[in-house]
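S.K.: Below: one structure in structure tokens.
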Amino acid sequence: MCNIVINEVLAYIQNKIDVMDEESLVRLCTTSFSVEEIESAKCLLFEAVSTTKRNVTRRKAGKQQRDLYDVITLFKETDPEQVPTFVAKELHRLPPITFDHVDASRLLKDILIIQNEIKNIKHNFVTESQFGELRNEINNLKKITNENIFDKHVNRKRGVRRIIDSCGLDSGPIGLLHTDVNTTPISTANKDSTNIKNILESTCHLSPSCLEGTHDAISACAQPIACACDNDEITSAIRTCEKKTKDVQHSKSTISVWPKSKTMAEVLKSDEGEWEKKDTMDQDWVTVQKRRSKNKFIGRKGKAQIQPESNFKVANIHIPLFINKVDKATTEKDISDYILQKTDISVSVKKINMVRQKRYDAYKIFVPHNKLSVFLNDDLWPEGIQFRRFVFLNRTTYDQRQNTKPDVNSNSKAYDGQHKE
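Be aware that the sequence shown starts at 720, since it is given in the numbering used here, and climbs by one per residue.
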């Protein structure tokens, strides 16, 4: 593939595609080059570049603009190293870029964006001198934190780094200031006397748990101090401190003493009884049942005996029962006599004509409604006889018969015990 190709259209587009927008570039090329030149430049570019994009032949109005957009898109989507260098032979044909070919509104918009970015940089960014001052301050703070002279005599392993003047957790003698070993001692007597007084006063402000043996502690702390002042000043300071400790000891009854914490054994002993009570309470189980809401519309039946001549009595309602698996030799009279013998109730029995003939017969029996529980008992019927309430497959026909006059002796058709309810 040749690296240098002569074509004015492609050379112009290749050089101006980075500095102009697509609309201005298309408008400028349309007015400067002919349709044939643009079409041949497009075919030359697709032949010179290996791409999967298909070269679409444009037709009808706007063909020039669409061909130029295809060329610009291919330039942007292809790696610049894979595109040959296009040059122009006739330089006078290359159109100059004037304000007539530039979108002024777009140019003004870009200028406003640049101005806003410059203002943002001035407002949010610091100068080099300000950054240098901040860096020097941070370095000074690092030096100060590294030269901490207050914690050198504290035993950090025992958890006393924050309690310096405590008599129970201090790693050194009571009242000893934590000063650097390398520091030079104070030579003047005034400074020594002032330090001694401060040491003794700090010793006197101890907690009530450290009041016992205060005199011994003060004497022990005054011995190792080597000062250049008079002994009278030391003696007066010690007496002042002893007086303060005595006043505190005398008023110990009125001061709220620090609460003494219980040990683990004492806590277990005091709570043992409560734990036993809790265990005994958990062993008693209480049965809890959910209360069921009563049905307000449930009916009940009366049991009072009435006189034979009384007209207030239950209606004589007969409901049908269905019995199945009856021997073919059995007649309707045999069934009615059997029921009369068992229950002393006279019933009406009607044979059912089955749709399919079986090796057994089925009957429909009309029994009183108030005696239904008697007839639905297993002990009443012979072994192997199936019984249940009769199900009407055509309820509309049954209701019509009930409205007129029930024909007990009329033929009825029903399925056997396996029919659908």
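Note that beta-carbon positions come from the ideal geometry of N, C-alpha and C, so glycine has one too.
Taking VAL806 as part of the beta strand (DSSP E), name the residues at either end of that continuous run.
M.R.: Counting along the chain, the beta strand (DSSP E) containing VAL806 begins and ends at 804-806.
S.K.: Going straight from the alpha carbon of LEU1054 to that of VAL1068, what length do you get?
M.R.: Checking the displayed sequence, the identity of residue 1054 turns out to be Ile instead of Leu. Taking the straight line from one Cα to the other gives about 7 Å.
S.K.: Between the C-alpha atoms of PRO799 and LEU826, what's the straight-line distance to the nearest angstrom?
M.R.: The straight-line gap from Cα to Cα measures roughly 27 Å.
S.K.: Would you call GLU727 buried or exposed, if buried means 16 or more other Cβ atoms sit within 10 Å of its Cβ?
M.R.: The residue in question, GLU727, is buried, as its Cβ has 16 or more Cβ neighbours within 10 Å.
S.K.: Note down the Cα distance separating ALA823 from LYS735, rounded to an integer number of angstroms.
M.R.: In a straight line, the C-alpha of ALA823 is about 17 Å away from that of LYS735.
S.K.: Is the beta carbon of THR797 less than 8 Å from the beta carbon of VAL768?
M.R.: The answer is yes: Cβ separation under 8 Å.
S.K.: For the candidate residues VAL806, LEU860, ILE732 and GLU741, whose alpha-carbon lies nearest to that of ASN722?
M.R.: It is VAL806.
S.K.: Within the same chain, show all residues whose beta-carbon is closer than 8 Å to that of LYS910, passing over the 5 residues directly before and after it, in chain order.
M.R.: Note that LYS910 scores a pLDDT of 45, beneath 50, so its modelled location is shaky; the value from the coordinates is reported in the next line. Result list for LYS910: empty, nothing under 8 Å.
S.K.: State buried or exposed for THR973, treating a residue as buried only when at least 16 other CB atoms are found within 10 Å of its CB.
M.R.: With a pLDDT of only 46 at THR973, under the threshold of 50, the placement of this residue in the model should not be trusted, and no figure is reported.
S.K.: Would you call PRO1101 buried or exposed, if buried means 16 or more other Cβ atoms sit within 10 Å of its Cβ?
M.R.: It counts as exposed.
S.K.: Is the beta carbon of LEU793 less than 8 Å from the beta carbon of LYS779?
M.R.: Result no, Cβ atoms of LEU793 and LYS779 do not sit closer than 8 Å.
S.K.: Look at the Cβ atom of ILE749, then the Cβ atom of GLN801, and state whether they are nearer than 8 Å.
M.R.: In the sequence as displayed, the identity of residue 749 is Thr instead of Ile. No; because the gap between Cβ atoms is not below 8 Å, this pair is not in contact.
S.K.: May I ask which residues mark the beginning and end of the beta strand (DSSP E) holding ASP1080?
M.R.: Counting along the chain, the beta strand (DSSP E) containing ASP1080 begins and ends at 1080-1087.
S.K.: Taking only the alpha-carbon atoms, compute the straight-line gap between ALA730 and THR804 and give it to the nearest angstrom.
M.R.: Using only the alpha carbons, I get a separation of about 8 Å.
S.K.: Going by other Cβ atoms of all chains shown within 10 Å of its Cβ, with 16 needed for buried, is LYS761 buried or exposed?
M.R.: So LYS761 counts as buried.
S.K.: Mapping DSSP to helix, strand and coil, what is CYS946?
M.R.: A caution first: CYS946 carries a pLDDT of 43, below 50, which makes its placement in the model unreliable, though a value can still be read off. CYS946 falls in the coil class under three-state DSSP.
S.K.: Using the Cα positions of ASN835 and ASP737, report the straight-line distance between them to the nearest angstrom.
M.R.: If you take the alpha carbons of ASN835 and ASP737, they lie about 23 Å apart.
S.K.: Comparing C-alpha positions only, which one of LYS841, LYS1077 and ILE1038 sits nearest to LYS1190?
M.R.: Missing from the structure shown is residue 1190; the chain here goes from 720 to 1140 and no further.
S.K.: Might you give, ordered along the chain, the residues of its own chain that have their beta carbon closer than 7 Å to the beta carbon of CYS1059, omitting 5 neighbours on each side?
M.R.: The displayed chain sequence assigns Leu, not Cys, to residue 1059. For LEU1059, where only same-chain residues beyond five positions count, the Cβ hits under 7 Å are SER1065.
S.K.: Checking the sheet assignment: what are the DSSP bridge partners for HIS1037?
M.R.: Note: HIS1037 sits in a beta bridge opposite PRO1087.
S.K.: Consult DSSP for ILE849 and reduce its assignment to one of helix, strand or coil.
M.R.: Checking the sequence, you will find Gln at residue 849 rather than Ile. Residue state, collapsed to three classes: helix.
S.K.: State the Cα-Cα distance for the pair VAL1074 and ASP1097, rounded to the nearest angstrom.
M.R.: Approximately 28 Å, taken between the alpha carbons.
S.K.: Can you grab the Cα-Cα spacing for the pair PHE1038 / SER1092, in whole Å?
M.R.: Note that residue 1038 corresponds to Ile in the displayed sequence, not to Phe. The straight-line gap from Cα to Cα measures roughly 12 Å.
S.K.: Tell me, which residues are paired with LYS1069 by DSSP?
M.R.: Its beta-bridge partners are LYS1083.
S.K.: I need the straight-line Cα distance from GLU1051 to LYS1070, nearest angstrom please.
M.R.: Those two C-alpha atoms are separated by around 7 Å.
S.K.: Could you pull out every residue in the same chain whose Cβ sits closer than 6 Å to the Cβ of PHE765, ignoring the five residues on either side in sequence?
M.R.: Same-chain partners within the cutoff: ASN774.
S.K.: Distance, Cα to Cα, GLN1105 vs ASP1063?
M.R.: Distance between the alpha carbons of GLN1105 and ASP1063: 21 Å.
S.K.: Just list the residues that DSSP pairs ASN1043 with in beta bridges.
M.R.: ASN1043 pairs with GLN1105.
S.K.: Smallest Cα separation from LYS1047: which of ARG854, ALA1081 and GLU847?
M.R.: Nearest of ARG854, ALA1081 and GLU847 to LYS1047, Cα basis: ALA1081.
S.K.: Could you tell me if LEU925 is buried or exposed, where buried requires 16 or more neighbouring beta carbons within 10 angstroms of its beta carbon?
M.R.: Residue placement at LEU925 is flagged as unreliable, the pLDDT there being 45, under the threshold of 50; the coordinate-derived value follows with that caveat. When all chains shown are included, LEU925 counts as buried.
S.K.: Where GLY887 and LEU860 are concerned, what is the direct C-alpha to C-alpha distance, given to the nearest angstrom?
M.R.: In this prediction, GLY887 scores a pLDDT of 48, lower than 50, which makes its location untrustworthy; the coordinate-derived value is nonetheless stated afterwards. About 34 Å.
S.K.: The beta strand (DSSP E) spanning VAL724 covers which residue range?
M.R.: Run containing VAL724: 723-725, per the beta strand (DSSP E) assignment.
S.K.: Secondary structure at GLU796, three-state DSSP: helix, strand or coil?
M.R.: Helix, per DSSP.
S.K.: For ILE1036 versus HIS1088, is the C-beta spacing smaller than 8 Å?
M.R.: Against a cut-off of 8 Å, the Cβ pair of HIS1088 and ILE1036 comes out as a contact.
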